[in-house]
Amino acid sequence: MVTPDAEGRMPGPAPAVETRRLVKWYGGYPALRGIDLCVAPGEILALFGSNGAGKTTLLRILAGRVRPTAGTARVAGFEVGKGGDSARGAIGTLAHGHQLYETLTASENLAFAAAMLGLDRAGERIAQVLLRVGLKAAAGSSVRTLSSGMKRRLALAKLMLRECKVILLDEPYASLDLQATKLLEEFLMASKIGGAATILATHNLTMGFGVADRLAILRQGRLVFEGRRDETSLDAFRALFSLHGELGEVE
Amino acid sequence: MIGRGLERALGILAVIGLVTGLYTGFLYAPPDAVQGEVQRIMYLHVPLILVSYFAFFVVFVTSILYLARRCERHDAIAHSSAEIGVLFTALAIAAGSIWGRPTWGTWWTWDARLTTTTILLLIFIGYLMLRALVDDPSRGATFGAVLGIIGFLDVPIIHMSVVWWRTLHQPASVLRPGPSTVAPDMQVALYTNLAAFVLLYGYFLVKRVRLEKARWELIRLRMEGAA
Amino acid sequence: MSFVRRVVAIARKDLLAEWRDRESFSAMFFFAFLVLFLFNFALGGDQTLIRGASSGLLWLAFTFTSVLGLARSVQGELENDCLDGLLLYPAPREAIYLGKLLVNFTVILVVELVIFPLFAVLYNMDLWSRLPKLLLIAVPGTIGFAAAGTLLSAMTAGLKARDAMLPFLLFPLTIPLILSAVKGTEVVLRGDPFELAVPWLKLMVAFDTVILVASLLTFEYLVEE
Amino acid sequence: MGADPAEDGGGGVNPWPYILAAYLLAAVGLLCYLLSVSRRTKAMVAQIATLRRFSKDTMR
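Protein chains in written order, with this note's numbering: chain A, 1 to 251; chain B, 252 to 478; chain C, 479 to 703; chain D, 704 to 763.
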């Protein structure tokens, strides 16, 4: 049983993701009010919270997309914003929007992603990930004609194009069909074994709880709970979650 | 930052400067040999243009500093200086056009400097509109900084293109806005007024920057209130 | 090396998307034709007057049509968080700017190549024989306009009043460029010796250099949150 | 590009109304700006004072 030390820091290798008193203001609105978080390689953290709790802001800061107002954040060995462009190579993300170009075909989208990621001879890699997500047949069809479930699977395929040290998922279960959900969980397990640290932000208590090593609840920009999954049960956690006034859980 | 003392001092100096400027402009300097009395508008028009160019230069420098160091003070100065620059440029163009009416018989002619100044006015009105439209203050400051830098870098090119374009159309006539003769007492009037408007610019800048500081203070108070 | 590959990848992606549905190209083409057609009525059908002002009219059509194309270039990225996706790649911001610039430049140049013959047909002018010289003026002009346009469309993409703000910021800044392009084109159309157009060419190159350097240095700040 | 007006050298026209107009316009413009800045500052300072008093009450 690996137990974190007093500050919740996992012993052993340096944490893949570490933030200290991370603050973010949008104009007069406090999105994050001082977050201290730590995720070790090979660990999955499920981050729960209602809309506006700051989940997306936190993920976008860690992805190097948003500058923090105060505090520091280290991801995959680089401080956010300081590691230069290549630092973002080790970070894989899934966002609200599927970030695909509707007028291009599935394989063209993946080819573009591969080029931007600097992958050489991406041809067979693209065919491989398309096969894994079951979109082999739809490779040549334009993304506009795909169903939203298939678009999410294509976004997942884009994430699978190369190994990542840190994976940041924002509401990954949204509009996923059963088969796609299974694919996502297989991917998470494979990455976990591969040593990647994952942060999964979601409303979905049941799914998030099922796959996580550690749990955290974000409320109005503050971490109000953090703990190991095996120290609590789903029902106890659900009670705790509603205690914090996070009703209206999305199944 | 700069306390109220400096503001009051600049204010008093500006008033003194303006009054002496008026005196030299109207009584001390003789009427222009060619243009007659109307040339006295130049003691208003020329200083306004020179100080507004200086104001936009201040925007240029503080914008670069803001992008480099991200400190609010630089953004406050850039925004304030741009606003004052737009005011001075607008007044300068109005004065220039009023000067043109009796001299050329029309309110507007495509005189090289008047055209360049008007283009500059348009660019920095765009700057102020951009600042007003972006709601997130830090993004607004960044966009403003970029536009301030590019706007100012454009000035020499605008000036050259307009001057070349002008000389193709009308050889530089004596009747261009600006002191046509360099009589010493006329220069005295010009430089007094210039000094007066520089002081006025300083006074406005300090006053306007204090407003920006108050705005940031308000945002910070809201931050603490909500934290 | 991977920098150039990324610039080309972005340009290819956008041009492919543009070629697929040809939305913005057809909008620009129709708009250009409309503008050219209206010139006739605007100038009272006086052919000599139109021919005399032809370089100005051409560049008026070019610039207004280009603004239409520029606004769409960033708009396309805003759907489905594609802009976020683009910025999450480990690619440098300058590569993204140059990729977008290459796309905008290509689309605008293609529209210009359509407007030239259209203008020649509508107003019975022989542009064909002077096309190489016309391009010698049009290419630097289009580079500068696309460079400033790409930067400003990235800046105004998220704004509420972006359709008004882009032209409002873009035109004052590019006045010297448009001025030089018009004068350069005038020299070519009048058949004067090309040396007369060289000073205007130099001015355009100066503008292009300033705007490109300034854009490459500041683009990263525009897309940062 | 636009015919140039005849230059009448400002001979017969009485320049003084134009001179006064230019200076008056400038004076009015500068004064309005000064008033608007001080008005905006006063309003801002008032808001800050109320906010500070409000936070002082909650602090007690």
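The beta-carbon is built from N, C-alpha and C at its ideal position, and this holds for glycine as well.
Exercise. So is Ala345 (chain B) in contact with chain F if we call contact Cβ pairs under 7 Å?
Worked result: In summary, chain F is missing from the structure at hand, where the protein chains are A, B, C and D.
Exercise. Closer than 8 Å, Cβ to any Cβ of chain C: which residues of the region 390 to 416 of chain B, in chain order?
Worked result: Those would be Arg390, Thr393, Phe394, Ala396, Val397, Leu398, Ile400, Ile401, Gly402, Leu404, Asp405, Ile408, Ile409, Met411, Ser412, Val413, Trp415, Trp416, in chain order.
Exercise. Less than 7 Å separating the beta-carbons of Arg219 (chain A) and Ala53 (chain A)?
Worked result: If you number the first sequence from 1, residue 219 (chain A) lands on position 219. If you number the first sequence from 1, residue 53 (chain A) lands on position 53. Yes, these two residues count as a Cβ contact at 7 Å.
Problem set entry | Closer than 8 Å at the beta carbon, the chain C residues around Met380 (chain B) | The count along the second sequence starts at 1 and reaches residue 380 (chain B) at position 129. Within 8 Å Cβ-Cβ: Met643, Phe646.
Problem set entry | Whole-angstrom C-beta distance between Ala201 (chain A) and Leu59 (chain A), which should lie under 8 Å | Here residue 59 (chain A) is taken as the residue at index 59 of the first sequence, counted from 1. Here residue 201 (chain A) is taken as the residue at index 201 of the first sequence, counted from 1. Contact between Leu59 (chain A) and Ala201 (chain A) is confirmed by a C-beta separation of about 6 Å, below the 8 Å threshold.
Exercise. Between which two residues does the alpha helix (DSSP H) carrying Gly377 (chain B) extend?
Worked result: Looking up residue 377 (chain B) in the second sequence gives position 126. Note, Gly377 (chain B): alpha helix (DSSP H), 363 to 384.
Exercise. Can you find a CB in chain A that lies within less than 7 Å of the CB of Tyr575 (chain C)?
Worked result: Along the third sequence, read from residue 1 onward, the residue named residue 575 (chain C) stands at position 97. Interface annotation, Tyr575 (chain C): not in contact with chain A, CB-CB separation never under 7 Å.
For this session: Specify the secondary structure class of Tyr26 (chain A) as computed by DSSP and reduced to three states.
Result: Along the first sequence, one-based indexing puts residue 26 (chain A) at 26. If DSSP states are grouped into helix, strand and coil, Tyr26 (chain A) belongs with the strands.
Exercise. Is the CB-CB distance between Ser658 (chain C) and Ser303 (chain B) below 7 Å?
Worked result: What you label residue 658 (chain C) is simply residue 180 of the third sequence in a count that begins at 1. What you label residue 303 (chain B) is simply residue 52 of the second sequence in a count that begins at 1. No, the pair does not count as a contact, with Cβ atoms beyond the cut-off.
Exercise. Going straight from the alpha carbon of Leu462 (chain B) to that of Ile370 (chain B), what length do you get?
Worked result: Residue 462 (chain B) sits at position 211 when you count from the first residue of the second sequence. Residue 370 (chain B) sits at position 119 when you count from the first residue of the second sequence. So the alpha carbons of these two residues sit roughly 28 Å apart.
Problem set entry | Selection from A:Ala157, A:Ile193, A:Gly194, A:Ile199 that minimises the alpha carbon distance to Leu183 (chain A) | Reading the first sequence from its first residue, position 183 is the one you call residue 183 (chain A). Out of A:Ala157, A:Ile193, A:Gly194, A:Ile199, A:Ala157 has the C-alpha closest to the C-alpha of Leu183 (chain A).
Exercise. Sorted by chain position, which residues of the same chain lie with C-beta nearer than 8 Å to Val588 (chain C)'s C-beta, five sequence neighbours on each side aside?
Worked result: Numbered from 1 along the third sequence, position 110 holds the residue referred to as residue 588 (chain C). For Val588 (chain C), the CB contacts under 8 Å within the same chain, skipping 5 residues up- and downstream, are Phe503 in chain order.
Exercise. For the beta strand (DSSP E) that contains Phe698 (chain C), what are its first and last residues?
Worked result: If you number the third sequence from 1, residue 698 (chain C) lands on position 220. It is Glu, not Phe, that sits at residue 698 (chain C) in the sequence shown. Note, Glu698 (chain C): premise wrong, no beta strand (DSSP E); alpha helix (DSSP H) at 676 to 701.
For this session: Using a Cβ-Cβ cut-off of less than 7 Å, give me the residues of the region 714 to 729 of chain D that come near chain B, in sequence order.
Result: Against chain B - using a Cβ distance shorter than 7 Å - the residues of the region 714 to 729 of chain D are Val716, Pro718, Trp719, Tyr721, Ile722, Ala724, Ala725, Tyr726, Leu728, Ala729.
Problem set entry | Nearest residue (CA-CA) to Val449 (chain B), options B:Gly377, B:Arg259, B:Ala434, B:Leu269 | Here the question's residue 449 (chain B) lines up with position 198 in the second sequence. Looking at the Cα atoms, B:Leu269 is the closest of the given residues.
For this session: Can you check the region 70 to 157 of chain A for any alpha helix (DSSP H) of at least 4 residues that lies completely inside it and give the ranges in chain order?
Result: The region 70 to 157 of chain A contains, as complete alpha helix (DSSP H) runs of 4+ residues, the segments 106 to 117, 123 to 132 (chain order).
For this session: Please report the Cβ distance between Val337 (chain B) and Phe375 (chain B), rounded to the nearest whole angstrom; I am assuming they are in contact, meaning their Cβ atoms lie under 8 Å.
Result: Taking the second sequence and counting its residues from 1, one reaches residue 337 (chain B) at position 86. Taking the second sequence and counting its residues from 1, one reaches residue 375 (chain B) at position 124. Between Phe375 (chain B) and Val337 (chain B) the Cβ distance is about 5 Å, and since that is below 8 Å, they are a contact.
For this session: Check Asp604 (chain C) in the structure and name its three-state DSSP category.
Result: On the third sequence, position 126 is the one that residue 604 (chain C) refers to. Residue state, collapsed to three classes: coil.
For this session: Measure the C-alpha to C-alpha separation of Arg321 (chain B) and Ala327 (chain B) and round it to an integer number of angstroms.
Result: As a first step, residue 321 (chain B) is located in the second sequence; it is residue number 70 there, counting from the start. As a first step, residue 327 (chain B) is located in the second sequence; it is residue number 76 there, counting from the start. Separation of Arg321 (chain B) and Ala327 (chain B) (C-alpha to C-alpha, rounded to the nearest whole angstrom) is 11 Å.
Exercise. Between Gly459 (chain C) and Glu258 (chain B), what straight-line distance do the alpha-carbon atoms span, to the nearest angstrom?
Worked result: In the structure as shown, chain C starts at 479 and stops at 703, and residue 459 (chain C) therefore has no counterpart that could be examined.
Exercise. Can we say the region 672 to 681 of chain C touches the region 537 to 546 of chain C, given the rule of at least three CB pairs closer than 8 Å?
Worked result: With a cut-off of 8 Å, the region 537 to 546 of chain C and the region 672 to 681 of chain C do not count as touching, because too few Cβ pairs lie within range.
Problem set entry | Under 7 Å by beta carbon: chain B residues contacting Arg756 (chain D) | Locating residue 756 (chain D) in the fourth sequence gives position 53, where the first residue counts as 1. Residues of chain B passing the Cβ test: none, with the nearest at roughly 11 Å.
For this session: Determine the chain D residues that contact Glu288 (chain B) at a beta-carbon separation under 7 Å, and present them in chain order.
Result: What you label residue 288 (chain B) is simply residue 37 of the second sequence in a count that begins at 1. Those are Pro718, Trp719, Ile722, listed as they occur along chain D.
Problem set entry | Cβ-based burial, Thr634 (chain C) [other Cβ within 10 Å; buried from 16] | Residue numbering aside, residue 634 (chain C) sits at position 156 when the third sequence is read from its first letter. Under this definition Thr634 (chain C) is a buried residue.
Exercise. Is Gly208 (chain A) helix, strand or coil by DSSP?
Worked result: Here the question's residue 208 (chain A) lines up with position 208 in the first sequence. Gly208 (chain A): helix per DSSP, three-state reduction.
Exercise. Which word fits Gln99 (chain A), buried or exposed, when buried means at least 16 other C-beta atoms lie within 10 angstroms of its C-beta?
Worked result: Here the question's residue 99 (chain A) lines up with position 99 in the first sequence. Gln99 (chain A) comes out buried.
Exercise. For Glu258 (chain B), which residues does DSSP report across the bridge?
Worked result: Walking along the second sequence from the start, residue 258 (chain B) turns up at place 7. Per DSSP, none; premise fails for Glu258 (chain B).
Exercise. Closest Cβ-Cβ distance between Arg742 (chain D) and chain B: below 7 Å?
Worked result: If you number the fourth sequence from 1, residue 742 (chain D) lands on position 39. Not a single C-beta of chain B is nearer than 7 Å to the C-beta of Arg742 (chain D).
Exercise. Any heavy atom of the ligand FMN closer than 6 Å to the CB of Ala746 (chain D)?
Worked result: The model depicted lacks the ligand FMN and carries no ligand whatsoever.
Exercise. Across which residues does DSSP place Asp170 (chain A) in a beta bridge pair?
Worked result: Here residue 170 (chain A) corresponds to residue number 170 of the first sequence, with the count starting at 1. A:Ala201, per the DSSP bridge assignment.
For this session: May I ask you to report which of helix, strand or coil DSSP gives Met1 (chain A)?
Result: Locating residue 1 (chain A) in the first sequence gives position 1, where the first residue counts as 1. In this prediction, Met1 (chain A) has a pLDDT of 43, which is less than 50 and means its spatial position is unreliable; what the coordinates show is noted afterwards. Met1 (chain A): coil per DSSP, three-state reduction.
Exercise. Among the residues of its own chain, which have a CB less than 8 Å from the CB of Lys661 (chain C), if the five just before and after it don't count?
Worked result: As a position in the third sequence, residue 661 (chain C) is number 183, starting the count at 1. So the list reads Ser533, Ala675, Trp678, once near-sequence residues are dropped.
For this session: Going by CA-CA distance only, name the one from A:Glu231, A:Leu22, A:Gly64 that's closest to Leu223 (chain A).
Result: On the first sequence, position 223 is the one that residue 223 (chain A) refers to. It is A:Leu22 whose Cα lies nearest to the Cα of Leu223 (chain A).
Exercise. Given a threshold of 16 other Cβ atoms within 10 Å of its Cβ, counted over all protein chains shown, does Arg668 (chain C) qualify as buried or as exposed?
Worked result: Within the third sequence, residue 668 (chain C) is the residue found at index 190, counting from 1. With fewer than 16 other Cβ atoms within 10 Å, it is exposed.
Exercise. Residues of chain B with a CB under 9 Å from the CB of Pro68 (chain A): which are they?
Worked result: As a working mapping, residue 68 (chain A) is identified with position 68 in the first sequence. Scanning chain B for C-beta atoms nearer than 9 Å to the C-beta of Pro68 (chain A) yields nothing, as the closest lies near 12 Å away.
Problem set entry | Val66 (chain A) vs Glu703 (chain C) beta-carbon contact at 7 Å | Looking up residue 66 (chain A) in the first sequence gives position 66. Looking up residue 703 (chain C) in the third sequence gives position 225. In contact: Val66 (chain A) and Glu703 (chain C) (Cβ atoms closer than 7 Å).
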